[in-house]
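Here the structure comes first, spelled out in structure tokens, and everything after it is commentary.
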Amino acid sequence: MIKYQVRSKDLIDMVNDVRSGRLILSPYFQRNLVWRDIHKRDFIETIFKGYPFPQIFVARGEINVESMTSQSCVVDGQQRMNAIMEFIKDRYPVNGKKYSEMDQGEKEDFLKYQIPVIDLEMKATDQSVIDVFQRLNRTFYSLSSIEKLSTEYSSVDFMLIAKYLCGFFGQLDEQADIELMQDPNMPPDFLPWARQFDVSDYRNIVTGGNVFSGYENSRMVHLMWTLNFLSTVRVGFFARNDKSRELLEATSEATPNRELILANTQRAATFVNSLELPASSIWWNKSNSFSLMILAFWNIDLLERKDRAAIRAALDGFAENIPEDYALAAREAVNNLRQRRFRHAKLAEVLGLDPIERPLEG
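Residue numbering for the sequence shown follows my numbering, beginning at 19 and increasing consecutively.
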């Protein structure tokens, strides 16, 4: 049975713990931040009024006996703590005032607010921490399917590769990387390896706004899309998300062909971006862009030698007179095996390529 202690802690002490690195705000089993400014303001007003809010759950880290320090992580309460940290940094105003514009008494009252904390008697690296997080989030704001996968397989190499492609770890920054690698759920050798690969063109596709909305990105829709893309180039087409989960479960160590996967994913994305398709193009539709990226990955050596203008013209011509069977496969049951293979074959025909699947692990 897990032991825990219930206590209250001054808001200022929690803030200082985050600033000093003693408290990790965003361990990688946590969901993405989805609160909008209106939610953050409402939460800060709760503090101003002295109203209570649900407990922050914290897992205690291991003690470094040499430096006599320890590092804990927030198991549940990331959104609330992030709202507090951003308000103190003047990221948004509440009731017409930013934190720096508040008078001395208002600041003192805010910083003295008592935050309810539950200290879990378990290490931050304990797998039970993830189970606690999942159980706490079986509520109205429950985790989506991909958020559950992101939590459950947070330290699996295949998941980390997908997150790196999606920009979860930010841009190259030595200090930020040091902080990321301090997270007990982040394998220490992953970021130094991944940073060798420029994936900016792929990241632009999935976060640039053409394929996914900002809200979809906040709910990790682009991460599920990326996992399915990576799984497909590895093993070939499959239905829905099933194979991605299987590959996450099967990846105990380094992902097979991981260097080739990152390198050719970037090459495929660079090629697609070089076509300069307009934002209104059908090829930025989720299912169509998925098919285009798969085809580009499996045929990148051939495509890089082809004339970009001719390829763009072929795609534009097809888009102007879309066959009904293709249109149906691009808007209904788009994740079914039959539709994925049909779109692939039709697109290969349009670009004069062999429709054969070329999985890396085939």
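A virtual CB, placed ideally from N, CA and C, is assigned to each residue, including glycine. Quick caveat: nothing in here was measured; it's all calculated off a predicted structure.
If you draw a straight line from the C-alpha of Y159 to the C-alpha of Q73, how long is it?
Bear in mind that the predicted position of Y159 carries a pLDDT of just 44, short of 50, making it unreliable; the figure below should be weighed with that in mind. Each residue's Cα considered, the two are about 16 Å apart.
Leaving out five residues before and five after T157 in sequence, what residues of the same chain have Cβ atoms less than 8 Å from its Cβ?
Per-residue confidence for T157 stands at a pLDDT of 46, beneath the threshold of 50, marking its modelled position as unreliable; no derived number is given.
Under three-state DSSP, which class holds K107?
coil
Can you give me the start and stop residues for the alpha helix (DSSP H) that V290 sits inside?
276-292
Helix or strand or just coil, what does DSSP make of I340?
coil
Buried or exposed: which applies to A327, given that a residue is buried once 16 or more other Cβ atoms fall within 10 Å of its Cβ?
exposed
C-alpha distance - D216 paired with D127, whole-angstrom precision
47 Å
Taking just the CA atoms, how far does I318 sit from R285?
7 Å
In chain order, what residues of the same chain lie with their CB nearer than 6 Å to the CB of L280, ignoring the 5 residues before and after it?
F215
Coil, strand or helix - Q132 by DSSP
strand
Straight-line gap, V24 to V33 (C-alpha atoms, nearest Å):
19 Å
Would E367 be called buried (16 or more neighbouring beta carbons within 10 Å of its own) or exposed?
exposed
On the CB-based measure, 16 or more other CB atoms within 10 Å of its CB, does E264 come out buried or exposed?
exposed
Would you kindly report the start and end of the unbroken beta strand (DSSP E) that includes S90?
90-94
Nonlocal neighbours in the same chain, by C-beta distance under 6 Å from D31, ignoring five residues either side
none
Three-way DSSP call (helix, strand, coil) for T157 in this model:
With a pLDDT of 46 at T157, under the threshold of 50, the modelled position of this residue cannot be trusted, and the question is left open.
Chain-order list of residues whose beta-carbon lies under 6 Å from that of F382 (same chain, five-residue window excluded):
Only positions 19 to 380 of the chain appear in this structure, which leaves residue 382 out of reach.
Touch test, the stretch 248-258 against the stretch 321-339, Cβ-Cβ under 8 Å, three pairs minimum:
no
Hey, would you say I164 sits closer than 8 Å to M238, going by beta carbons?
yes
Tell me Y22's beta-bridge partners as DSSP assigns them.
L138
Assuming V76 is part of the alpha helix (DSSP H), what are its boundary residues?
Segment 74-77 is the beta strand (DSSP E) holding V76; no alpha helix (DSSP H) there.
Among residues of its own chain, excluding the 5 on either side of K304, which ones have a beta-carbon nearer than 7 Å to its beta-carbon?
V229, W243
Taking the continuous alpha helix (DSSP H) assigned at D55, which residues delimit it?
55-66
Under the assumption that E170 contacts R252 (Cβ atoms under 8 Å), give the Cβ distance between them as a whole number of angstroms.
Not quite, the Cβ-Cβ distance comes to about 20 Å (not below 8 Å), so this is no contact.
Enumerate in chain order the residues of its own chain whose CB-to-CB distance from D219 is below 7 Å, with the five nearest sequence positions on each side excluded.
Q284, A287, T288, N291
Quick one: what's got a C-beta closer than 7 Å to N246's C-beta in the same chain, skipping five residues either side?
N259, S262
K261, DSSP secondary structure in three states:
helix
Less than 8 Å between the beta carbons of R361 and A347, yes or no?
yes
Assign H240 to buried or exposed, taking buried as 16 or more other Cβ atoms, counted over all protein chains shown, within 10 Å of its Cβ.
buried
Short of 8 Å in beta carbon distance, which residues of its chain neighbour Y131, apart from the five on each side in sequence? Order them along the chain.
D28, L29, I65, G68
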